[in-house]
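Going left to right, the sequence shown walks through residues 1 to 787 as the numbering used here numbers them.
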Amino acid sequence: MSAGLSFFKTPTKRAILGSGTVLRSVLGLVVVTLVAGTVATVAQTYRFSKVEIDGNQRVGDAAILQTAGIARGQTVSAGQVNDALQKLQNSGLFESVTVEPLGNTLVIKVVELPTINRVSFEGNRRIKDDVLAPLVQSQERRVYSPSQAQRDASVLAEAYASQGRLAARVIPRIISRSDNRVDLVFEIFEGDVSEIERLSFVGNRVFSDRALRRVLETKQAGFLRAFITRDTFAEDRIEFDKQVLRDFYLSRGYVDFRTNSVNAELLPNKDGFFLVFNVQEGQQFNFGEITVTSELDDVDADEFLAATRSQTGKTYAPTRVENDIARMERLAAEKLIDFLRIEPRITRNDAELTLDVEYVLSRGPRVFVERIDIEGNTTTLDRVIRQQFKSAEGDPFNPREIRESAERVRALDYFENVDVNAREGSSPDQVVVDVDVEEAPTGSFTIGGSFSSNDGFGLALQFAESNFMGRGQKLSISVSTAEESQNASITFVEPKLLGRDLEFGLTASLMTTESSFFTYNSEDLIFQPGIAFPVSGNGRFGLRYRYEEVEMTADGDKPGAVLRNEISRGKLSSSSIGYTYTYDTRRSGLNTDAGMLFELSQDFGGLGGDNEYLKSTAKWIGQRKLHNRDITLRATLEAGALNWSNGTSRTDDRFVLNPEIIRGFEPGGIGPRDRSLNAAGNAADDPLGGNLYYAVRFDAEFPLGLPEEYGIRGGAFYDIGNLWDLSDVDLSGGNIVGENGSARHVIGVSILWDTPIGPLRFNFSEALKKETYDREQSFDFTITTRF
């Protein structure tokens, strides 16, 4: 027992030296063996006068010898022979390799890997072959590599994972063919989409889960999951959602908002996720004191303060500060003040929950734009991109203006990617602006279908090119047809005429109408060129010339006396010049929750043609979003007046109201009517239109309690309108009712459904006040789609 224990003790010097004859013999034997083996290895060499290669069909002998690195007559060691074996095995050309020295002959035997005869995919329905094929590196007529096939399978699985199909499996298999060829088949099991089964938030107190879900790009799966693709889990989209969520809170004054974490829990069967955003809202801050301080003697701070629009007590938003800086920079440009630097200094007051903003005006470094280099545009001309830059070579460098120019280039939608960077030029006070773009397809051919309760089913064909010949011009040719209306048109737009912010447009169309609501048909030819240009930040002014030919024809014996008189005048032409002024703050205004549109349009007829007139229309729309943008309130007021100067007008010239202006009535359902006898001896009921009209519409849109991803919202509306006046109209033989008009009142509800095939709107209405001769339409719906 004691001897066994002493074996594991640390041996003393005497124990080692006196270990006995046996130990010395063993050690000696080991040393002799190692030395002998080393000597033998070093000493063993080969000199091959002959090399025999067997088994190769596709790869030549010379190529194999070159890969092996052994030449005839060369003296090589055993290590070099082994290296030759490794080189051949690692070449990726052979399934197996043996290298065997036989005297002065080196025998190399190889089994070649097969050649890929065909690459195919089986089991894929969601992603087509033409999308999967570019992802794989294994190609036809190349050597088949099992490791590469496995890597290709992984890439294909990742492609399915990016679409939310995390359970997808891809298995590479080979089918042997003659002449050492194989068919490579990727067997794909696509699996189900890993959807967002539940999307929730933790830490939100001010905004509900429903309001926040509406902000995110990712959506929660619902009963329309077969059509909605944004309810699939995509990791890249989560990062985008975090930024969108932060922007949402910052724009509402929650400057301390942050997303603590996003937890995505995968269900055991990998077909769904529970996605939870853990957020911290913080407190809402308002603007405190707003001041401007100038460090320059020649710059008046009060003048620049007057240019700001942020107000004390209003909710703080970084975009308001950015807009103030942009206004002051424009003012500096107008006053020819170069190199003005505007620095916002924010002072936080936690006690009052306010942020004081001090804009400091100082002189920035004197840096100029040396040149603008544009690369990557193979189709688009350089000038189309340069036109989006207000800065030119030699101008003072303004980083904000360069960023805004980059956004304008992206807004063209001509490019997949736009990178704009500034770097030092030939000297420290010079800057080179590099613009790198990647072209995107800009042409489209569209086949569309539509259905309207007014015009019936229709088919539309359209060719459109938004960057015609790389010049930034727009060209559109369209043909559309419905059961009662056909239209063919061509439109051309040059957005930068003569290199300036001057838009030139030209439209030519031919429209034929056969409506069941009217007792006449019409053929209308229109030719209209025009120009438009900005007159303010939100204002735009357009001038146009319009030539129009209209021919009215009778729908059998249906027309009454007034329409028969108008139809007998044959084809008439009109030549007019007109303008439209538009002021729109709904998208570009500072208040993203409110906005308005004002539009005034007039046409002066009599520049030739058969008709002389003044036709005027005006429209005002104001809208506001309430209750965390859940509810939209909108008010619309529009009116029109026609003053005829020569002869008499026809129905086709006057205003005829349709359901887009006053809901609850058929097209031409309100206004003056002719009830005289027609050619068949029956009482006609012809809408004649009117020279004057007005319409007031109040709309509200609100959620119905359904998940936002369903795209179903509710609406309510109240419309008031009138159409009257037939002065300067040939009423001989007519039996006119409603010439003086009266206000109609309509109330109704709507269901708005943003379906995958297009927006669908159902309107249910009831006329509270009407005339006995009006034609009501208590229900209508419209859907438009492109496929």
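Glycine included, C-beta positions come from ideal geometry on N, C-alpha and C.
As a beta-bridge residue in DSSP terms, M596 pairs with G622. One thing to note: L113 has its Cβ within 8 Å of the Cβ of V143.
Residue pairing by DSSP puts H745 in a beta bridge opposite I720, K769. Residue range 368–375 is occupied by the beta strand (DSSP E) that includes D373. L706 carries a coil assignment under DSSP once its states are collapsed to helix, strand and coil. Taking the Cβ atoms as the reference, G622 lies roughly 28 Å from S778, outside the contact range of under 8 Å. Counting the other CB atoms within 10 Å of its CB gives E334 a total below 16, which places it among the exposed residues. Residue pairing by DSSP places I325 opposite no residue, since no beta bridge is assigned to it. Runs of the beta strand (DSSP E) lying entirely within the segment 130–200 and spanning at least 3 residues, in chain order: 169–177, 181–189. With 16 or more other Cβ atoms inside 10 Å of its own Cβ, M328 counts as buried.
The beta carbon of T98 is closer than 7 Å to those of K109 in its chain, skipping five residues each way along the sequence. For S573, the CB contacts under 6 Å within the same chain, skipping 5 residues up- and downstream, are E549, G609, D610 in chain order.
Per DSSP, T67 is one residue of the alpha helix (DSSP H) stretching across 61–68. Beta bridge pairing from DSSP links M511 with N487, D524.
Closest in alpha carbon position to Y46, among A68, T617, S91, P101, is P101. Per DSSP, the unbroken beta strand (DSSP E) holding N417 starts and ends at 415–424.
With respect to the C-alpha of E295, the residue from G640, G191, E343 having the closest C-alpha is E343. Looking from the CA of N763, the closest CA among Y718, N722, I736 belongs to Y718. Here S466 is actually not in contact with D501; their C-beta atoms are around 18 Å apart, not less than 8 Å. As computed with DSSP, D356 is found in a beta bridge with T347. The beta carbon of N260 sits closer than 8 Å to those of G203, N278, V279, Q280, all from its chain and outside the five residues before and after it, given in chain order.
DSSP lists V185 as the beta-bridge partner residues of S120. Under the three-state reduction of DSSP output, R320 falls in the helix class. Take the alpha-carbon of D593 and the one of P318: they are about 15 Å apart. Taken through DSSP and simplified to helix, strand or coil, N263 comes out as strand. Sorting R569, F189, S176 by C-alpha distance to the C-alpha of E158 places F189 at the top. Under DSSP, D54 takes part in a beta bridge, and its partners are K109. By the C-beta density criterion, K770 is buried, having at least 16 other C-beta atoms within 10 angstroms. A distance below 8 Å separates the beta carbons of L726 and G690. Taking C-beta separations shorter than 6 Å and ignoring five residues to either side along the sequence, the partners of D338 in its chain run P396, following chain order. When C-beta atoms of the segment 467–477 are compared with those of the segment 370–383, three or more pairs fall below 8 Å, so the two segments count as touching. Check the Cα spacing between N421 and each of V384, D754, Q89, E375: the tightest is with E375. Bridge pairing for P687: R673 [DSSP]. The straight-line gap separating the alpha-carbon atoms of E612 and Y547 is approximately 13 Å.
Between T648 and R569, the alpha-carbon positions lie close to 11 Å from each other.
According to the DSSP assignment, G79 belongs to the alpha helix (DSSP H) that extends over 78–89.
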